[in-house]
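Read the structure below first, then the notes.
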Amino acid sequence: MTTSTVDSPARRPSRGGRVVRYVLLVVLACVVLGPIYWLVTSALKPTADIYTYPPTWLPNPLHLRWANFADAWHAAPFGRFFLNSLIVTAIGTAGEMLCATLCAYAFAFLRFPFKKVLFGILLGAMMVPGHVTLLPNYLTISDLGWINTYQGLIFPGLGSVFATFLLRQHMLTLPGEVLDAAKVDGAGHLRTMFRVVLPLSRPMLITAGVITLVAKWNDFIWPLIVTNSTNMRTVPIGLLFLKTQEGYNNWGAIMAATVLVIVPVLVVFFFAQRQIVAGLTQGATKG
Amino acid sequence: MSAVDAPAGARSGDTAGAGDRPPPPRRRRPRHLREYLLFLAFIVPNFFFVIVFAYWPVLYNAYLSLTSWNMLAPVKEFVGLANYTDLLTDGDFLDTLRITVVFVLGIVLGSMVLGLAIAVLLNERLVGRGFVRTMAFAPHILSGAAIGTIWLFIFDPNYGLLRPIFGVAGLASPNWMTSSTWALPGLIIVYLWKNMGFIATVYLAGLQNVPRELYEAAAIDGSGPWHTFRKITFPMLSPVTFFLVITTTIGTFQAFDIIALMTGGGPGNSTTILSWFIYQQAFKAFDAGHAAAAAMLMFVVLIIITALQARFLERKVHYR
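Chains as they are written, first to last, in the UniProt record's numbering: chain A, 1 to 287; chain B, 1 to 320.
In structure tokens:
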């Protein structure tokens with residue numbers, strides 16, 4: 001990406017052309033960052049600075065209103081929402097990654113008749129839209145008596161297609177000699193997996209894990225229908241709750257709550273940006 | 001053990017000899033069997049969840065679509081295809097389909113065009129392009145609920161970010177989310193903002209893969225930038241375009257969280273797309289039959305779109 005061979009193919013833009021390109025780049029940056037900037041500054045503005053026109057572009061650093069966060073925290077039980085989101089995201093991600101890793105190892109290294117057909121069946125599940133499974137899964141969970149429970153929130157999301165696919169593709173690229181060496185040493189499959197394959201798959205495990213993590217944290221429609229008591233809601237549903245509660249009269253508090261929802265994801269994104277982008281764009285370049 | 005075996009020394013010698021020979025086929029099978037069992041043990045957890053929560057629901061949903069069932073009552077009545085004929089002759093549902101088409105086309109076409117334009121721009125050697133590329137990707141992974149909330153404030157006609165921007169052009173910012181004319185375009189704008197960076201990133205990877213010699217050859221032939229783009233860049237990107245159109249279409253059909261936060265399908269039913277309709281029927285009206293039938297229609301439409309796009313693009317993809 002940084003090497004000159006792939007850049008600006010065969011034409012050198014004029015000076016004017018370069019100016020136009022930089023203007024477009026700045027416009028793009030503003031369009032992308034504008035809403036985020038607006039969010040973060042509004043979360044810190046005193047009420048008077050929010051309900052004013054023309055808007056205050058730069059909040060006065062001496063009068064930041066941190067109380068917006070406290071307002072949000074009191075308007076809805078966000079502490080509880082966070083705890084629920086953490087539990088569901090952590091256990092859900094661990095469970096899904098366990099399913100995905102075992103399954104990927106089996107498809108990459110173990111012999112079985114009709115393995116390709118089975119893998120096709122697994123991939124086929126990607127064609128099933130979430131809205132088709134919504135009502136039946138709700139009925140299943142309801143029959144189990146799991147409405148408003150962590151099991152109900154977590155279980156339907158444990159099956160993994162995309163993460164399994166990513167991991168299997170990666171495991172197939174591992175050098176055969178390393179695995180053969182493990183076999184000569186008399187290592188069984190469990191030991192080969194834990195001692196050789198998983199350490200060598202660390203980058204892809206991180207990629208798949210982070211993508212799974214973010215998806216579970218952001219999940220909206222399933223937590224919305226499978227819970228109906230306030231103390232079992234997750235953070236994204238909390239925003240909807242706040243909307244009905246506050247009726248959009250207190251933008252400062254609402255923006256503060258929104259900051260709390262996206263900050264964990266943004267932190268993860270900045271640490272694992274490369275892996276997330278590579279994983280999510282994988283299907284296009286390798287598929 | 002030795003006390004018992006001692007009298008039959010000759011036989012024990014035989015067994016030792018058999019152990020030295022290459023193992024007979026009978027002994028190989030258990031080793032395969034162990035590997036097969038291990039394979040099953042490894043895939044069973046994943047397959048269990050995928051079958052119970054993805055495949056079984058499709059069958060269950062198909063069955064529900066043939067019944068009339070108020071979810072609060074215990075009785076399901078088999079009604080054949082009545083739910084489907086109800087829906088397809090219902091004015092509200094036909095409105096929903098029309099709105100869904102506008103919504104999906106607007107978002108898919110819009111984000112493809114914007115994404116490709118951004119990719120071409122970011123493919124130039126510009127200072128700061130790496131930063132902008134990273135930032136443009138970020139909305140793709142943010143919670144839709146959060147994005148919806150942010151944009152609701154931006155769209156606020158009095159105190160929102162758009163008022164001064166419209167003000168520069170001497171216009172009043174419309175009352176986006178409470179107007180049945182502006183709510184749908186408003187939602188489309190938000191989804192464009194969310195999608196364009198992801199699409200640009202995938203396109204960028206595609207642009208890097210176009211062989212440089214093609215551009216050199218075009219330059220020698222005196223081809224202008226637009227001509228080069230149309231005759232080389234765009235055709236070479238067609239596999240990427242194919243992938244993106246399908247995934248964006250499938251994703252857009254299932255749009256939900258931003259709508260839930262911003263419009264709740266309204267005002268009236270001006271932003272009720274198919275996914276919202278299904279949710280409404282199932283979890284607000286408790287009408288399982290019509291919800292299931294609408295969901296089956298969505299499933300069929302998505303499969304047809306995937307198949308059509310595959311056939312249509314087959315001819316355009318990969319001609320070099």
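C-beta atoms are modelled at their ideal positions from N, C-alpha and C, and glycine is treated no differently. These numbers come from a predicted model, not from an experiment.
Inter-residue spacing [alpha-carbon to alpha-carbon] between residue 68(B) and residue 123(A) = 32 Å
What does residue 278(B) reach in chain A if we use C-beta pairs closer than 9 Å?
-> 131, 132, 134 and 135
**Asked** Is there at least one Cβ from chain B nearer than 8 Å to residue 14(A)'s Cβ?
**Response** no
Per DSSP, cross-strand counterpart(s) of residue 78(B): 67(B)
Original post:
Applying a beta-carbon distance threshold of less than 9 Å, which residues of chain A neighbour residue 290(B)?
Top reply: Ordered by position in chain A, no residue passes the 9 Å Cβ test against residue 290(B), which lies about 11 Å from the chain.
Q. Are the stretch 174-187 of chain B and the stretch 143-156 of chain B touching by the rule of at least three beta carbon pairs closer than 8 Å?
A. yes
Original post:
Does the Cβ of residue 155(A) have 16 or more other Cβ atoms within 10 Å, making it buried, or fewer, making it exposed?
Top reply: buried
* Asked: Which whole-angstrom value describes the C-beta separation of residue 187(B) and residue 298(B), a residue pair presumed to lie in contact below a C-beta threshold of 8 Å?
  -> Between residue 298(B) and residue 187(B) the Cβ distance is about 18 Å, and since that is not below 8 Å, they are no contact.
- Task: List in chain order: all unbroken beta strand (DSSP E) runs of 3+ residues lying wholly within the stretch 224-269 of chain B.
- Result: none
Quick check: is the beta carbon of residue 323(B) nearer than 8 Å to any beta carbon in chain A? No answer is possible for residue 323(B): the residues shown for chain B start at 1 and end at 320.
How about residue 234(A) and residue 85(A): do their beta carbons lie closer than 8 Å? yes
Quick one: list the residues of chain B neighbouring residue 42(A), beta-carbon separation under 7 Å, in chain order.
153
query = Where does residue 287(B) sit, in a helix, a strand or coil, going by DSSP?
reply = strand
Evaluate residue 304(B) with the Cβ neighbour count: other Cβ atoms within 10 Å of its Cβ, from every protein chain shown; 16 or more gives buried, anything less gives exposed.
exposed
| request: Select from the stretch 222-252 of chain A all residues with a C-beta closer than 9 Å to any C-beta belonging to chain B, and list them in chain order. | output: 224, 225, 235, 236, 237, 238, 239, 240, 242, 243, 248 and 251
- prompt: If we cut at 8 Å on Cβ distances, does residue 84(A) have a partner in chain B?
  reply: no
**Study point:** CA-to-CA distance, residue 33(B) to residue 119(A), given in whole angstroms
**Key:** 20 Å
Against chain B, with Cβ distances strictly below 8 Å, would residue 128(A) count as a contact? yes
If you draw a straight line from the C-alpha of residue 74(B) to the C-alpha of residue 49(B), how long is it? 27 Å
Alpha carbons only, please: which of 276(A), 193(A), 57(A) and 164(A) is nearest the one belonging to residue 178(A)? 193(A)
- Message: Can you tell me whether residue 95(A) is buried or exposed? The criterion is at least 16 other CB atoms within 10 Å of its CB, across all chains shown.
- Response: buried
- Message: Are the CB atoms of residue 153(A) and residue 214(A) within a distance shorter than 8 Å?
- Response: no
- Give a yes or no on whether 8 Å exceeds the smallest Cβ distance from residue 36(B) to chain A. yes
| Pairing CB atoms from the stretch 125-143 of chain A with CB atoms from the stretch 46-60 of chain B, are three or more of them under 8 Å? | yes
Would you report the Cα separation of residue 54(A) and residue 164(B), rounded to the nearest angstrom? 7 Å
Can you check whether the CB of residue 136(B) is closer than 8 Å to the CB of residue 118(B)?
yes
On a CA-only basis, which of 275(B), 124(B), 243(B) and 242(B) is nearest residue 257(B)? Give me that one, please.
275(B)
*Residues of the stretch 204-220 of chain A with a CB closer than 8 Å to any CB of chain B: list them in chain order, please.*
214, 217, 218 and 220
Run of the alpha helix (DSSP H) containing residue 183(B), from where it starts to where it stops:
183-208
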